[in-house]
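A short worksheet on the structure shown next.
Number of protein chains: 2
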Amino acid sequence: MTSDGTVGKALDVLDQVAAYGRPVRFSEMLAASPFPKPTLYRFLQTLTNQRMLAYDPDRQTYSPGVRLVRLAHAAWEQSTLAPIARPHIDALSAAVGETVHLAQLDHAQVLYIDKRNANKPVQMFSQAGKVGPAYCTGVGKVMLAFCDPAVIDAVIEQQSFHRFTAATLTTPAALRTELSDIRSNGYGFDREEHEPGIICIAMPILSDGGRVLGALSVTSTTSRTNLAGLESYVPILQDTASKIARDAQSWSFPDHDAKEQTGR
Amino acid sequence: MTSDGTVGKALDVLDQVAAYGRPVRFSEMLAASPFPKPTLYRFLQTLTNQRMLAYDPDRQTYSPGVRLVRLAHAAWEQSTLAPIARPHIDALSAAVGETVHLAQLDHAQVLYIDKRNANKPVQMFSQAGKVGPAYCTGVGKVMLAFCDPAVIDAVIEQQSFHRFTAATLTTPAALRTELSDIRSNGYGFDREEHEPGIICIAMPILSDGGRVLGALSVTSTTSRTNLAGLESYVPILQDTASKIARDAQSWSFPDHDAKEQTGR
DNA sequence: AAACCTAGTTTCATATAATGAAACCACGGT
DNA sequence: ACCGTGGTTTCATTATATGAAACTAGGTTT
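Protein chains in written order, with this note's numbering: chain Y, 20 to 283; chain A, 20 to 283.
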């Protein structure tokens with residue numbers, strides 16, 4: 020499944036660099052790479068020439084390159100809910116005065132697409148582009164809950180179920196009952212499952228056909244409110260989600276987790 | 020120079036998709052592509068499998084994929100000035116109350132890395148990740164002015180010199196004298212050269228060695244102020260730029276436009 | 001200072017993967 | 001039923017990626 024052709028391998032290398040989250044040396048990568056020395060070396064050269072990577076000659080380190088930022092802008096504007104949702108998120112943010120997140124599901128992980136801080140608007144890549152675990156975030160669980168059973172199985176398979184807090188759901192079984200609850204409610208919570216003191220209410224964004232387009236959430240702290248307090252946002256969240264879904268409808272959305280086109 | 024190997028070609032295809040700025044059909048791309056039909060077809064398949072592209076089966080269109088957003092987040096955090104500059108930009112924004120831009124030079128174009136909106140937001144062309152022309156933006160001219168002569172020549176070579184407004188500099192000669200002025204002043208302006216009514220003052224961010232790290236600018240409109248008014252921001256801009264440069268120093272920055280590593 | 005690492009770079013015969021002309025589908029129109 | 005356009009697949013040919021081994025530059029130990 021993974022790695023089709025030379026291009027796939029090169030992109031794996033790119034992912035590997037990105038995964039470090041810091042400039043990384045050749046030897047370091049080599050140790051963790053399935054590729055032999057010269058192969059890895061050439062991939063890094065090629066990617067650097069293409070400015071997908073940036074090379075620091077002093078420290079001899081590689082990091083993700085600026086060309087990605089440019090490409091991502093196009094991706095963000097065309098292939099995510101963000102541009103459609105923007106006005107609705109703005110309105111929601113103004114109404115609730117709390118941190119608002121917009122997320123989509125990408126490859127078994129939650130990808131944050133946009134964000135409004137309570138106080139000041141934050142730029143797109145400062146938070147947007149960040150990924151989080153699907154099993155212990157409000158948006159993650161809510162999106163998962165409304166996916167096809169087959170997708171749910173596949174995604175659960177890939178979760179690490181790392182315990183972040185005392186409340187983290189750490190077993191597939193616990194997660195499945197939670198998903199079931201979410202399906203009957205129509206929305207879900209994060210009960211300090213990812214960070215202590217941080218709670219949120221999350222609402223799925225569903226197309227007419229019931230397909231999951233994304234999710235949005237309002238986040239707060241236990242010091243400011245509680246789950247019941249967050250629940251008062253349900254109407255406005257539902258309203259916002261359905262407006263986004265409506266607008267997305269006309270746009271006719273690409274299927275991000277589309278099955279491979281070819282059976283090969 | 021362009022296109023080293025299969026990977027380079029695939030990335031060219033990716034760029035092509037991104038350049039359209041909208042979902043694009045296979046046949047449309049084929050018409051504009053140097054590749055023969057099956058080759059282009061396979062590149063699109065590979066990129067789609069890798070989620071660098073998103074394919075809409077209904078409309079049979081391709082757009083940039085979400086994987087890019089994730090990768091770009093890493094790039095933004097590691098290979099741009101943005102994380103280092105953030106606190107300083109925040110302070111600057113608060114002090115001047117106008118739109119503030121942070122930009123870097125990427126491949127003869129201006130890449131906007133971060134942005135703070137004015138209290139009173141004016142709808143404008145720019146956003147983080149967006150690119151603009153180097154020859155008719157404040158940040159572009161200012162960065163170019165302090166580049167090596169060889170780089171200047173190369174970049175000027177690649178400019179389109181499209182006339183956006185009456186004030187746009189449309190010849191290499193005009194641009195070169197402007198750059199010379201900027202070098203002696205230490206900063207530069209955008210005199211409605213890109214958009215009518217929009218003016219800005221731009222300050223380069225230079226390392227100790229005099230290398231161009233990026234630029235920042237304060238933008239306003241002719242209805243609110245004039246060039247002389249913007250000039251009053253020079254001290255705070257200089258201060259901000261030097262603080263960013265100082266912080267970047269310790270970080271030891273990758274060279275984005277590094278010469279190719281190998282003489283081949 | 002000679003010997004010896006270690007990390008990075010280059011070579012080159014071989015294996016592998018990309019290539020693209022042509023053939024093939026699928027479907028909407030006539 | 002026929003044609004035509006747009007998309008997909010085949011397959012012999014060719015170009016490209018591959019990786020063992022050899023090499024080089026710095027730094028470290030004897």
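All C-beta atoms, glycine included, are put in the ideal place defined by N, C-alpha and C.
Keep in mind it's a predicted model, so treat the numbers as computed, not measured.
Positions along the segment 72-89 of chain Y whose CB lies within less than 8 Å of some CB in chain A: Those residues of the segment 72-89 of chain Y that come within reach of chain A (Cβ to Cβ, closer than 8 Å) are ALA73, TYR74, ASP75, PRO76, ASP77, ARG78, THR80, SER82, PRO83, GLY84, VAL85, ARG86, LEU87, VAL88 and ARG89.
Notebook entry, point to check: Start and end of the beta strand (DSSP E) containing MET222/A?
Noted result: DSSP places MET222/A inside the beta strand (DSSP E), whose first and last residues are 217-225.
Exercise for the section: State the CB to CB distance for the pair LEU33/A and LEU66/A, rounded to an integer number of angstroms; the pair is presumed to be in contact (CB under 8 Å). Expected result: The pair is a contact, with the Cβ atoms about 6 Å apart (cut-off 8 Å).
Fill in: With 16 other Cβ atoms within 10 Å as the buried cut-off, status of HIS120/Y
Around the beta carbon of HIS120/Y, 16 or more other beta carbons sit within 10 angstroms, so the residue counts as buried.
- Which residues share a DSSP beta bridge with THR118/Y? Partner(s): THR238/Y.
ask   = Would you say LEU188/A and GLU197/A are within 8 Å of each other, going by their C-beta atoms?
value = The Cβ atoms of LEU188/A and GLU197/A sit closer than 8 Å to each other.
Pull out every residue of the segment 115-130 of chain Y whose Cβ sits closer than 9 Å to any Cβ of chain A, in chain order.
Close to chain A, meaning a Cβ-Cβ distance shorter than 9 Å, are the following residues of the segment 115-130 of chain Y: GLN123, ASP125, HIS126, GLN128 and LEU130.
- request: Name, please, each residue of chain A whose Cβ falls closer than 7 Å to the Cβ of ASP23/Y.
  value: By Cβ distance, chain A contributes THR65 and ASN68.
Strictly under 8 Å for the Cβ-Cβ distance: is ALA37/A near chain Y by that measure? Chain Y has a Cβ within less than 8 Å of the Cβ of ALA37/A.
_Check whether ILE224/Y and GLY216/Y have beta carbons under 8 Å apart_ = No. Outside cutoff.
Take the Cβ of THR241/A as the centre, count every other Cβ of all protein chains shown within 10 Å, and call the residue buried at 16 or more, exposed below.
Exposure of THR241/A is indicated by the presence of fewer than 16 other C-beta atoms within 10 angstroms of its C-beta.
Q. Closer than 8 Å, Cβ to any Cβ of chain Y: which residues of the segment 142-170 of chain A, in chain order?
A. Within the segment 142-170 of chain A, the qualifying residues are GLN146, ALA147, GLY148, LYS149 and VAL150.
Next on the checklist: Using only CA atoms, which one of GLN64/A, HIS213/A, VAL237/A and THR25/A lies nearest to ALA260/A?
Outcome noted: Considering only alpha carbons, the answer is VAL237/A.
Original post:
For the ligand PLP, any of its heavy atoms closer than 7 Å to the Cβ of ALA153/A?
Top reply: Because no ligand of any kind appears in the structure shown, any question about the ligand PLP cannot be addressed here.
I want to verify the contact list: residues of chain Y whose CB lies under 9 Å from the CB of LEU33/A, in sequence order. What LEU33/A touches in chain Y: LEU90.
Point to revise | Spatial distance of GLU250/A from ASP31/Y (CA atoms) | key: Roughly 48 Å separates the two Cα atoms.
Margin query: Can you find the residues in the same chain that come closer than 6 Å, C-beta to C-beta, to GLY151/Y, ignoring five residues on each side of it along the sequence?
Written below: Same-chain partners within the cutoff: VAL129.
Q: Using a threshold of 8 Å, state whether the C-beta atoms of ARG78/Y and ASP109/Y are closer than that.
A: Between ARG78/Y and ASP109/Y, the C-beta spacing is not below 8 Å.
Quick one: any contact between the segment 89-102 of chain Y and the segment 83-103 of chain A, if contact means 3 or more CB pairs under 8 Å?
With the rule of 3 Cβ pairs closer than 8 Å, the segment 89-102 of chain Y counts as touching the segment 83-103 of chain A.
Practice prompt. Using only alpha-carbon positions, find the residue among GLN178/A, GLN123/A and GLY228/A that is nearest to LEU235/A.
Written response: Out of GLN178/A, GLN123/A and GLY228/A, GLN123/A has the C-alpha closest to the C-alpha of LEU235/A.
Practice prompt. Kindly indicate which three-state DSSP category VAL231/A falls into: helix, strand or coil?
Written response: Reduced to three states, the DSSP call for VAL231/A is strand.
- Message: Buried or exposed for PRO42/A, going by 16 or more other Cβ atoms inside 10 Å?
- Response: Buried, by the Cβ-count rule.
Notebook entry, point to check: When burial is assigned at 16 or more other CB atoms within 10 Å of the CB, is LYS160/Y buried or exposed?
Noted result: A residue is called buried when at least 16 other Cβ atoms come within 10 angstroms of its Cβ; LYS160/Y meets this threshold and is buried.
Query raised in the report: Between SER112/A and ARG210/Y, what straight-line distance do the alpha-carbon atoms span, to the nearest angstrom?
Result: In a straight line, the C-alpha of SER112/A is about 36 Å away from that of ARG210/Y.
Task: Under 9 Å by beta carbon: chain Y residues contacting GLY207/A - done: Against GLY207/A, chain Y offers no close residue; the least beta-carbon distance is about 22 Å (beta-carbon pairs closer than 9 Å).
(message) Quick test of your reading: PHE62/A and ALA101/A, contact by CB under 8 Å. State the CB separation rounded to the nearest angstrom.
(response) So it is not a contact: roughly 31 Å between Cβ atoms.
Note to self: Checking 8 Å against the spacing of the C-beta atoms, do ALA192/A and GLY207/A come in under that value?
What the structure shows: No.
Can you tell me the Cα-Cα spacing of THR58/A and GLY148/A, whole angstroms? Straight through space, the alpha carbons of GLY148/A and THR58/A are spaced by roughly 30 Å.
Requested in this report: List the residues of chain A that LEU188/Y touches, going by C-beta distances under 7 Å, in chain order.
Outcome: Per Cβ cutoff of 7 Å: no residues; LEU188/Y is ~24 Å from chain A at best.
Q. What is the DSSP secondary structure of TYR60/Y, counted as helix, strand or coil?
A. Helix at TYR60/Y.
Please determine, among TYR154/Y, VAL26/Y, ALA114/Y and GLN146/Y, the residue with the shortest C-alpha to C-alpha distance to ALA127/Y.
The shortest C-alpha separation from ALA127/Y is found at TYR154/Y.
**Study point:** Nearest candidate by alpha-carbon position, reference ASN68/A, set PHE180/Y, GLY27/Y and ALA247/Y
**Key:** Ranking PHE180/Y, GLY27/Y and ALA247/Y by Cα distance to ASN68/A puts GLY27/Y first.
- Task: Could you give the DSSP three-state label for LYS262/A: helix, strand or coil?
- Result: Here LYS262/A sits in helix by DSSP.
Could you tell me if ARG202/Y is buried or exposed, where buried requires 16 or more neighbouring beta carbons within 10 angstroms of its beta carbon? By the Cβ-count criterion, ARG202/Y is exposed, with fewer than 16 other Cβ atoms from all chains shown falling within 10 Å of its own Cβ.
ask   = For the segment 230-258 of chain Y, which residues have a CB atom closer than 7 Å to at least one CB atom of chain A, in sequence order?
value = Going along the segment 230-258 of chain Y in chain order, one finds no residue with a Cβ nearer than 7 Å to chain A.
When burial is assigned at 16 or more other CB atoms within 10 Å of the CB, is SER239/Y buried or exposed? It counts as buried.
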